[in-house]
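Just so you know, the sequences run in chain order A and B. The first sequence maps to residues 20 to 379 in this note's numbering. The second sequence maps to residues 2 to 520 in this note's numbering. Idealized CB from N, CA, C, for every residue including glycine. Given the structure is predicted, the values throughout are model-derived calculations rather than measurements.
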Amino acid sequence: MRWLHEQNVEDLALGAAVLGTGGGGDPYIGKLMAIQAIHEHGPITLLSLDEIGDEDLIVPSAMMGAPTVIVEKLPRGDEIIKAFRALESYLGRKITATMSIEAGGLNSTTPLTVAARLGLPMVDCDGMGRAFPEIPMVTHTLYGISATPFAMADEKGNSAILNTIDNHWTETFSRSITIDMGCTALIACYATTGQQLKECAVPDTITFAEKIGRTIREARAAKGDVVATVREVTGGFEVFKGKIVDVERRTERGFARGEATFEGVDEYASRTLKLHFQNENLVAILDGEIVVSVPDLITVLELETGEPITTEALRYGFRVAVLGIPCTPKWRTPAGLELVGPRYFGYDVDYVPVEERYGA
Amino acid sequence: MRIGIDVGGTNTDAVLMEGTTVVGWVKTPTTSDVTSGIVTALRDLLEQTQANPATITGVMIGTTHFTNAVVERKRLMKTAALRLGLPATQSLPPMVDWPPDLREALGDHKYLVHGGHEFDGRLISAMDEKEIREVARDIRKKGIRTVAISSVFSPVNPEHEQKAAEIVSDEIPDASITLSHEIGRIGLLERENAAIMNACLGELARAIVNAFEEALAEMDIQAPFYLSQNDGTLMSAEFAKKYPVFTFASGPTNSMRGAAFLSGAKEAMVVDLGGTTSDVGMLIRGFPREASVAVEIAGVRTNFRMPDTYSFGLGGGSIITLRVLRATEPLRIGPQSVGYELITKGLVFGGSTLTATDVAVAGGLADIGDKEAVQDLDKGLVREVLERIQAMVDEAVDRMKTSAEPIPVILVGGGTILVSRKVAGASEMIRPDHYPVANAIGAAIAQVGGETDRVFSLDRMSRDEALTQAREEAIQKALAAGAEEKTIEVVEVEEVPLTYLPSNAVRIRVKAVGDLALQ
C-alpha cells in the first residue's frame with residue numbers, strides 16, 4: 020500500500036501519455052481533476068493486487084466520449100459518484116475499491132477523483148496496459164467477465180444501467196447514450212471480485228505509468244537523453260527516428276483514422292516509416308514491411324523533449340522517435356489477438372511480438 | 002506612406018515604406034517603459050527621411066508591452082471570471098491551473114452559473130438571468146470593473162456569453178468585458194484563460210493606446226495606427242483596447258512576414274538573429290507555420306495561434322567565455338549577452354567584453370567599429386568560434402525543417418553578420434536588403450484577417466456546405482476587420498473530425514486575410 024500525492028499524479032499523467040500510444044485522450048483534464056480532489060480530500064490509497072481481498076468488489080471508473088468535447092464540457096465532478104451509487108443499488112453491494120480500466124491516456128487519472136471523493140482505495144492495475152478505442156477491448160473480456168451491469172451518468176444527474184448479451188452490445192448502446200449525454204459520460208463497469216481481478220487484470224500498471232513519467236521528468240531535469248530513458252524504463256525498442264513529412268486523416272465509423280509518413284534521420288536516413296492509426300497507433304510499416312503492430316504499443320516521442328505525441332497532434336515537421344513497447348502477455352493469447360490483434364483492425368498479417376523482431 | 006515599428010528585447014526598430022519600397026529605417030535601444038523608445042524611433046525616422054507627417058497613412062506597431070505586464074505581474078486589473086456551464090464544469094473552476102501568484106494578482110474572483118451549450122448546440126441548462134444579475138451585483142460590490150465571460154461551447158454558439166454580457170453591463174455600466182469566444186478556440190480552460198488574461202490587461206491597453214495616440218499627435222501624424230497580432234495580421238487601435246492579448250508573440254511573426262516580403266519567398270526558413278537570442282521559423286505560403294500544441298504564457302495554458310519558432314541563445318551581443326586554465330575547458334558562446342549595451346561594451350566599440358560581434362569583425366565577416374581593437378585575437382580561436390556559431394545556426398535550421406529537401410534560408414536581424422557560409426541543408430542563402438529591420442517591415446506590410454473555428458454538425462448539412470459556411474464566416478470577419486474585399490484570400494483550412502463517436506460532427510477552422518484598406 021502507498022499514497023498518491025500531487026507529484027505522483029503529475030508523473031502518472033505524463034507516463035500515461037506514453038502508454039496511450041497516441042490515443043486515450045489528453046490526461047491533462049484528468050490530472051487537474053485528481054489534483055483538485057487531492058487538495059480537497061487528501062492523498063489516495065493505492066493497493067497492489069495482492070493486497071485486495073478475494074471478496075472485495077472492484078469497479079473501474081472511466082470517462083467516455085470525444086476528447087475534443089471533454090476539453091470543452093468539463094465534468095461536474097460527481098457524475099462518477101452517481102454512476103457508482105446506481106451500480107451499488109443495482110448490485111445490492113458496496114463497492115470496496117476502484118481502478119483504471121485504461122492506463123493509457125485520460126483514463127489513467129479518472130479513477131483518482133472518485134477514489135479521493137469517496138475515500139476508496141485504487142488498485143494498482145488496469146484492463147489494457149495501454150489504450151484501446153472500444154469498450155470490449157479489456158483483458159476482463161478474455162476471462163469471460165461482462166462489462167454489464169454498466170452504469171453511466173452525465174453532469175445533469177441522469178444515469179443509466181445497461182444489461183447486454185455481450186460486451187459488443189455494451190459498446191453499441193453506451194456510444195448512443197454518450198452522444199445523447201452530450202458526447203461525454205462517466206462510466207462504471209466490469210465489476211469484479213478481488214479474486215477475479217487478480218486473474219484478469221494487467222498488474223502494476225499505475226506504478227509503471229508513474230515510473231515512466233518520473234523517469235522523463237528526471238531525464239529532462241538532468242538534460243539527459245529522454246527518448247533513451249523511456250526506451251529503457253519501458254523495455255521497449257527504438258523503431259525509427261525521423262521527421263513527419265505527411266499526415267493524412269479521415270473519419271470512418273466515427274473513428275479518426277489516418278496515416279503519418281516519417282522520413283528517417285541519422286542511422287535511418289533514406290528510410291521511410293508509415294504509421295497507421297485509429298485513435299491509437301495501430302501498425303508501424305518500415306520500408307513497406309510491418310515491423311510493430313497492435314497489441315504491442317507504438318509510441319511517438321518528440322525527439323528533444325521526449326514529449327509523447329498524440330495522433331491528433333501529429334503534424335508535418337515534428338522530429339520524433341518511434342518506440343515499440345511489448346504489450347501484456349494476456350493480449351498475446353489467441354483470444355487476445357482475436358480481440359485486439361492486427362486482423363481485428365483490418366491488417367491481414369500474423370502478429371509478431373516486437374521483441375522477436377528487435378530483441379537480441 | 003506607412004511606418005512600421007517593432008519593439009524587441011534589445012532594439013526598437015522603425016521603418017518608413019512607400020508602397021513596397023523601403024524609404025528609410027532606424028534602430029534605437031528599447032527602453033524599460035517601451036513607449037519612450039517608440040517615440041525616439043519615430044522621431045529619428047522622420048528626421049532621417051525628412052518625410053512630411055501629413056503623408057503618413059498608417060502606423061503599425063508590434064510591441065511587447067502586454068507580454069511583459071503578465072510576466073512581471075504588473076499593472077494587471079482585478080478581474081472577475083464568470084463561467085456559464087452549470088451543472089457541468091464545476092470540477093475545474095476558472096484559473097484552476099494558474100500559478101498562484103498570478104491568480105492572486107487578479108484577485109481570484111470566480112463565479113459559475115447555469116448555461117452553456119452541448120457540442121451540437123443543445124442547451125446544457127437554461128441561462129438564469131436572475132442568477133447572473135446577482136453575480137454582477139456581487140462583482141460591483143467588490144469594486145471590480147473587469148469581467149471575463151466564458152460559456153461552454155461558445156465557439157459553436159456564443160449566445161449565452163453575449164446575453165450574460167448585456168446583463169453584466171446593465172448592472173455595471175462601466176464594466177470592461179471580454180467574451181471568450183472572441184479570443185480563443187475549443188478547449189474551455191485554455192480559451193477562458195486567454196479571455197481572463199485579455200480582460201486583466203484592459204486598463205493597460207487603454208493607457209498604451211492613448212500614449213501612442215499622444216506620441217503620434219506630438220509628431221503631427223494624423224494617420225490611424227494599428228498593432229501587430231501574433232498571426233501576422235493587424236488590429237486597429239480601437240480593437241487593441243479590447244483585445245490586447247492578441248499582441249503576444251507578434252515579434253517573431255513580424256520578422257518572418259518581413260523576411261517573406263523582402264525575399265519574395267513563400268516557402269523558406271527564416272533565421273532572425275537578434276542581439277541576445279535568435280529565432281528560427283518556417284514560412285508556409287508566406288506565413289509562419291503555427292504551433293500545434295497549447296502555448297504557455299507566464300505559466301498559463303492558452304490556445305492562441307502562435308508562430309512555431311525555435312529560439313536559441315545566440316546573438317550579436319552574445320558573450321564569448323574563453324578557456325582560462327586548460328585546453329579541455331569548454332569555450333562558451335552565450336547564452337549571456339550584453340544586449341543593447343553592445344555599442345558600449347563590445348571590444349570594437351571600445352568596451353572590454355568579448356562578444357560574438359567582435360569575433361565576426363576579427364574574422365573579416367563585418368566591418369563595424371574599431372577593427373584594430375580585435376586584431377590581436379588568436380586566429381585559431383576566431384575560426385573556432387565562428388565554426389561553432391555556424392554549427393548552432395545549422396542545427397537550429399535543421400530542427401525546424403520539414404523534410405530533407407534543401408530549402409531557401411533567409412537571414413534577417415542585426416546578428417546576420419555572424420553567419421559566414423551557407424547553412425547546412427539550404428538550397429540558397431538569402432540576405433535581403435534592409436535585413437536588420439525585417440521585423441519592422443513585417444509590421445508595416447501586415448494584412449488584416451478573420452478566423453472561424455467551430456464544430457459543425459453534419460446531420461443537417463453536407464461537409465461541403467459546412468466548409469463553404471466556415472469560409473464565408475472567415476471572409477466576413479476579415480471584411481469587418483477592415484480588409485479590402487478583392488484582396489481577401491483563404492490561407493488556411495483545417496478539419497478535425499470528433500473522434501470516438503459515430504456522430505457526424507466536424508471541427509473546421511478557416512483563416513482569411515486581405516490587404517488593409519487605407520483611406
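Per DSSP, cross-strand counterpart(s) of residue i
i	result
E291(B)	P308(B)
D1(B)	This structure cannot speak to residue 1(B), because chain B is shown only from 2 to 520.
T212(A)	L76(A)
Q448(B)	T234(B)
L292(A)	F281(A), L305(A)
N300(A)	F296(A)
L320(A)	P327(A), A340(A)
Top-ranked residue by Cα proximity to residue i, from the options
i	options	result
A279(A)	L301(A), I99(A), A288(A)	L301(A)
T253(A)	E29(A), L23(A), N27(A), A35(A)	A35(A)
F305(B)	A196(B), S37(B), P336(B)	A196(B)
Y227(B)	G5(B), M257(B), E495(B)	G5(B)
V296(B)	T310(B), M236(B), A445(B), P407(B)	T310(B)
I263(A)	F256(A), V284(A), N186(A)	V284(A)
S67(A)	R376(A), P222(A), A179(A), W188(A)	P222(A)
A247(A)	A354(A), T324(A), R104(A)	T324(A)
P210(A)	T167(A), F192(A), T191(A)	Looking at the sequence provided, one finds Ala at residue 210(A) rather than Pro. Nearest C-alpha to A210(A): T167(A).
R338(A)	C208(A), E286(A), G307(A), L320(A)	L320(A)
M147(A)	G261(A), A220(A), T203(A)	A220(A)
A361(B)	H182(B), V420(B), A392(B), D399(B)	V420(B)
V449(B)	D359(B), S251(B), T303(B), Q230(B)	Q230(B)
F350(B)	G364(B), I298(B), D368(B), Q337(B)	D368(B)
G176(A)	S92(B), M220(B), V148(B), P88(B)	P88(B)
E1(B)	G122(B), F457(B), A260(B), D359(B)	Missing from the structure shown is residue 1(B); chain B here goes from 2 to 520 and no further.
Q215(A)	R136(A), F281(A), S165(A), E331(A)	S165(A)
L76(A)	L93(A), T212(A), M156(A)	T212(A)
For residue j and residue i, the rounded distance between their alpha carbons
i	j	result
D273(B)	A479(B)	29 Å
E218(A)	E167(B)	60 Å
K243(B)	G203(B)	7 Å
R84(B)	T64(B)	30 Å
L502(B)	V371(A)	Below a pLDDT of 50, predicted positions are generally treated as unreliable, and L502(B), at 47, falls in that range; the measurement from the model is reported next regardless. So the alpha carbons of these two residues sit roughly 30 Å apart.
E267(A)	G116(B)	37 Å
E119(B)	V157(B)	9 Å
A165(B)	A441(B)	40 Å
G86(B)	G38(B)	45 Å
I209(B)	E342(B)	26 Å
E523(B)	E375(A)	Residue 523(B) falls outside the range modelled here, since chain B spans only 2 to 520, and no answer is possible.
L381(A)	R76(B)	Limits of chain A in this structure are 20 at one end and 379 at the other, which puts residue 381(A) out of reach.
I140(B)	G300(B)	26 Å
S80(A)	R472(B)	41 Å
K487(B)	D232(B)	21 Å
I431(B)	D98(B)	44 Å
A238(A)	P46(A)	20 Å
E74(A)	K113(A)	11 Å
Chain E contact for residue i (CB, 8 Å cutoff)
i	result
E174(A)	Chain labels in this structure do not include chain E; the protein chains are A and B.
| task | Give the residues from the segment 197 to 228 of chain A that approach chain B closer than 7 Å (Cβ to any Cβ), ordered along the chain. | result | T197, I198, G201, C202
| Residues in the segment 91 to 105 of chain B with C-beta within 9 Å of chain A's C-beta atoms, listed in sequence order? | Q91, S92, L93, P94, V97, D98
| field | Residues, ordered as in the chain, of the segment 78 to 102 of chain A that lie near chain B by beta-carbon distance below 7 Å | value | G84, A85, P86, T87, V88, V90, E91, K92, L93, P94, R95, G96
| Contact between the segment 109 to 122 of chain B and the segment 167 to 182 of chain B (3+ Cβ pairs under 8 Å) | no
| Just checking, does the segment 442 to 458 of chain B make contact with the segment 16 to 25 of chain B on the three C-beta pairs under 8 Å criterion? | yes
| task | Return the residues of the segment 119 to 150 of chain B that lie within a Cβ-Cβ distance of less than 9 Å from chain A, sorted by chain order. | result | E119, F120, D121, R123, I125, S126
| said: Residues of the segment 173 to 188 of chain B in Cβ contact with chain A at a cutoff of 9 Å, in chain order, please. | reply: I187, G188
| query | In the segment 331 to 364 of chain B, which residues sit with their C-beta less than 7 Å from some C-beta in chain A, listed in chain order? | reply | none
| message | Under 8 Å, with one C-beta from each stretch per pair, do the segment 374 to 384 of chain B and the segment 401 to 418 of chain B reach the 3-pair mark? | response | no
| said: With a threshold of 8 Å, are at least 3 pairs of Cβ atoms found where one atom belongs to the segment 44 to 57 of chain A and the other to the segment 131 to 140 of chain A? | reply: yes
| task | Could you tell me whether the segment 196 to 214 of chain A touches the segment 100 to 119 of chain A, where touching means 3 or more Cβ pairs closer than 8 Å? | result | yes
| task | Report the residues of the segment 53 to 79 of chain A with a CB closer than 7 Å to any CB of chain B, ordered along the chain. | result | Q55
| the segment 56 to 70 of chain B / the segment 145 to 156 of chain B touching (three or more Cβ pairs under 8 Å) | no
| field | Sufficient close CB pairs (3 or more, under 8 Å) joining the segment 412 to 428 of chain B to the segment 245 to 261 of chain B | value | yes
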